[in-house]
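Q: I have a structure I would like to understand better, so I am pasting it below and will then ask my questions one at a time.
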Amino acid sequence: MGLKIMVVLFLVTFGPFAVFYLAFYIFCFIGGGFAVTLLYGKINSEKHLEKCEQSYLPPTQIGILKTLDEMKLEMKPIKIDRRLTGSSFIDEPLQQVIQFALRDYIQYWYYTLSEDESFLLEIRQTLQNALVQFSTRSKEVDWQPYFTTRLVDDFATHLRVFRKAQDRLADREDKQRDITEELVDSFFEAEVEMERKICRDVVCTSHKDEEGFLRDLCELLLYLLLPPGDFHNKNMRYFLREVLARGVLLPLINQLSDPDYINQFVIWMIRDSSCNYEAFMNILKLTDKPPELELLCMYV
């Protein structure tokens with residue numbers, strides 16, 4: 001009851017806006033004290049720093065400073081062992097691929113940050129070590145069974161799936177969509193039926209999934225080829241993965257998937273060869289497609 005009377009007397013005496021004035025006065029008092037404290041601390045800090053600048057240690061000798069400046073300006077020679085596989089016919093193109101990949105994916109932004117070549121040297125050396133390990137392990141593989149059996153079987157399976165997709169497309173009566181889309185869908189349907197547990201439709205039809213698959217493949221190769229210390233360096237590993245996936249494998253796959261490139265390569269291979277009678281008769285027996293026979297007649 002007494003508190004209420006005090007509040008009423010306060011409002012009657014000082015007016016209804018007295019509460020706001022009181023809060024404003026308290027805020028100004030606290031803010032002013034805080035500002036005075038900051039100003040006082042700033043002045044004392046500047047005086048203390050001026051005293052600290054006057055060091056009691058003896059001055060550094062001029063020769064030491066000059067030596068340090070010369071060491072900073074001295075350019076260390078960078079020596080790179082360019083041997084990768086032991087064959088100059090293979091090493092030179094590989095070195096060019098590495099140089100172009102570094103130029104297109106790292107150097108154009110790295111030189112805006114620093115001119116130190118040590119980072120680029122480390123990436124190049126790590127790439128070369130991975131290629132050396134890949135070359136060494138490739139020499140230990142018996143390639144004859146792979147090229148004579150497994151690769152031939154995979155290629156024949158791919159052709160069988162494609163022929164099966166073409167036959168399905170020919171049997172369909174409703175061709176509302178584009179012929180290319182119909183062929184792609186029929187191809188992967190036939191692949192699922194033939195391969196049972198394998199279907200590569202997502203990787204082959206989606207550019208984003210293709211890049212993700214290549215990244216995983218490159219990371220697996222780096223795990224097998226790099227030393228543990230280099231592989232566990234995440235920054236270096238991610239750089240190498242992106243360079244290999246987007247700078248080497250993806251352009252290579254796009255080039256090998258270009259029909260014009262394949263046609264030019266086939267023409268280059270058969271340019272100096274002639275189709276004899278026996279080979280011509282074997283081709284006639286094996287094919288039943290008129291377009292293939294027309295192409296054969298063009299090159300005979």
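The UniProt record's numbering numbers the first residue of the sequence shown as 1 and each following residue consecutively.
For every residue, glycine included, the Cβ atom is placed at its ideal position computed from N, Cα and C.
Bear in mind that the values here come from a model prediction, so they are computed numbers and not experimental data.
Specify whether the segment 237–253 and the segment 119–135 touch according to this definition: at least 3 beta carbon pairs, one from each stretch, less than 8 Å apart.
A: Contact holds: three or more Cβ-Cβ distances are below 8 Å.
Q: For the candidate residues ILE98, HIS158, VAL248, TYR105, whose alpha-carbon lies nearest to that of LEU214?
A: If you number the sequence shown from 1, residue 214 lands on position 214. If we check each option's Cα against that of LEU214, VAL248 comes out closest.
Q: With a 10 Å radius around its C-beta and 16 neighbouring C-beta atoms as the bar for buried, classify PHE188 as buried or exposed.
A: Within the sequence shown, residue 188 is the residue found at index 188, counting from 1. PHE188 is buried by the Cβ-count criterion.
Q: Tell me whether ILE262 is buried or exposed, calling it buried when 16 or more other Cβ atoms sit within 10 Å of its Cβ.
A: Stepping through the sequence shown from its first residue, residue 262 is reached at position 262. Answer is exposed; the Cβ neighbour count stays below 16.
Q: How is THR205 classed by DSSP in three states: helix, strand or coil?
A: Here residue 205 refers to the residue found at position 205 of the sequence shown. In the structure shown, THR205 sits in a helix (DSSP, three-state: H, G or I).
Q: Under three-state DSSP, which class holds ARG168?
A: Working through the sequence shown from its first residue, we reach residue 168 at position 168. Residue state, collapsed to three classes: helix.
Q: Quick check on this structure: which residue in SER206, CYS218, PHE162 has the alpha carbon closest to the alpha carbon of GLU193?
A: Taking the sequence shown and counting its residues from 1, the one referred to as residue 193 is at position 193. Answer by Cα proximity: PHE162.
Q: Please name the residue in ASP104, LEU225, HIS158, THR149 whose C-alpha comes closest to that of LEU131.
A: The residue labelled residue 131 in the question sits at position 131 within the sequence shown. Cα-wise, what sits closest to LEU131 is LEU225.
Q: Please confirm whether LEU183 and ALA165 have their CB atoms less than 8 Å apart.
A: Counted from its first residue, the sequence shown places residue 183 at position 183. Counted from its first residue, the sequence shown places residue 165 at position 165. It is a contact, given that the beta carbons lie within the stated cut-off.
Q: Between the segment 41–49 and the segment 86–93, can you find at least three pairs of beta-carbon atoms closer than 8 Å?
A: Segments in contact, no.
Q: Apart from the five residues just before and just after LEU221, which ones in its own chain have a Cβ nearer than 8 Å to its Cβ?
A: Taking the first residue of the sequence shown as position 1, residue 221 is located at position 221. Closer than 8 Å at the Cβ level, and outside the excluded window around LEU221, lie ALA130, PHE134, LEU244.
Q: By Cβ distance, which residues of its chain are closer than 7 Å to ASP230, with the 5 residues on each side in sequence left out?
A: Your numbering for residue 230 matches position 230 in the sequence shown. The answer, listed in chain order, is THR126, MET236.
Q: Answer with buried or exposed for ILE98, where buried requires no fewer than 16 other C-beta atoms within 10 angstroms of its C-beta.
A: Looking up residue 98 in the sequence shown gives position 98. Classification for ILE98: buried.
Q: Under 8 Å, do CYS199 and GLU191 count as touching if we go by C-beta distance?
A: As a working mapping, residue 199 is identified with position 199 in the sequence shown. As a working mapping, residue 191 is identified with position 191 in the sequence shown. Against a cut-off of 8 Å, the Cβ pair of GLU191 and CYS199 comes out as a contact.
Q: For GLY32, I'd like the list of residues in its chain whose CB is within less than 7 Å of its CB, leaving aside the five on either flank, ordered along the chain.
A: For the purposes of this step, residue 32 is taken as the residue at position 32 of the sequence shown. For GLY32, where only same-chain residues beyond five positions count, there are no Cβ hits under 7 Å.
Q: Of the residues ASP167, CYS204, GLN128, LEU286, which one's Cα is nearest the Cα of PRO227?
A: One-based indexing of the sequence shown puts residue 227 at position 227. Cα-wise, what sits closest to PRO227 is GLN128.
Q: Alpha carbon to alpha carbon, what distance is there between LYS208 and THR112?
A: Here residue 112 is taken as the residue at index 112 of the sequence shown, counted from 1. Here residue 208 is taken as the residue at index 208 of the sequence shown, counted from 1. Rounded to whole angstroms, THR112 to LYS208 spans 29 Å at the Cα level.
Q: Roughly how far, in whole angstroms, is the beta-carbon of TYR105 from the beta-carbon of ARG246, given that I think they are within contact range, below 8 Å?
A: The sequence position of residue 105 within the sequence shown is 105, counting from 1. The sequence position of residue 246 within the sequence shown is 246, counting from 1. Contact holds; Cβ gap of about 7 Å.
Q: Pull up the CB-CB distance for PHE119 and TYR110, whole angstroms please, since I reckon it's below 8 Å.
A: By 1-based counting over the sequence shown, the position of residue 119 is 119. By 1-based counting over the sequence shown, the position of residue 110 is 110. With 8 Å as the limit, PHE119 and TYR110 qualify as a contact, their Cβ atoms being about 7 Å apart.
Q: Count the other C-beta atoms from every protein chain shown that fall within 10 angstroms of the C-beta of LEU102, then say buried if there are 16 or more, exposed otherwise.
A: Residue mapping note: residue 102 aligns to position 102 of the sequence shown, counting from 1. By the neighbour-count rule (16 or more Cβ atoms within 10 Å), LEU102 is buried.
Q: Kindly indicate which residue of ASP167, ILE179, LEU286, THR157 has the alpha-carbon position closest to the one of ARG196.
A: The sequence position of residue 196 within the sequence shown is 196, counting from 1. Per the Cα distances, THR157.
Q: Which same chain residues end up closer than 6 Å to ASP142 when comparing Cβ atoms and leaving out the 5 residues on each side of it in sequence?
A: Indexing the sequence shown from 1 puts residue 142 at position 142. None.
Q: Can you list, in chain order, the residues of its chain with a C-beta nearer than 8 Å to that of LEU84? Leave out the 5 residues immediately preceding and following it.
A: For this step, residue 84 is matched to residue 84 along the sequence shown. Taken in chain order, the residues that qualify are ILE90, ASP91, LEU94, GLN95, GLN128, LEU131, VAL132, SER135.
Q: Just mark CYS28 as buried or exposed, buried being the case when its beta carbon has 16 or more other beta carbons within 10 Å.
A: Residue mapping note: residue 28 aligns to position 28 of the sequence shown, counting from 1. Exposed.
Q: Helix, strand or coil, according to DSSP, for residue 304 in the structure here?
A: In the structure as shown, the chain starts at 1 and stops at 300, and residue 304 therefore has no counterpart that could be examined.
Q: Could you check what DSSP says for residue 341 in three-state terms: helix, strand or coil?
A: Because the chain in this structure spans residues 1 to 300, residue 341 falls outside the shown range and cannot be described.
Q: Could you check whether SER186 and ARG168 sit closer than 8 Å to each other, using their CB atoms as the reference points?
A: Start at 1 with the first residue of the sequence shown, and residue 168 comes out as number 168. Start at 1 with the first residue of the sequence shown, and residue 186 comes out as number 186. Yes, these two residues count as a Cβ contact at 8 Å.
Q: Have a look at LYS42 and ILE30 and give me their C-alpha separation to the nearest angstrom.
A: Taking the sequence shown and counting its residues from 1, the one referred to as residue 42 is at position 42. Taking the sequence shown and counting its residues from 1, the one referred to as residue 30 is at position 30. About 18 Å.
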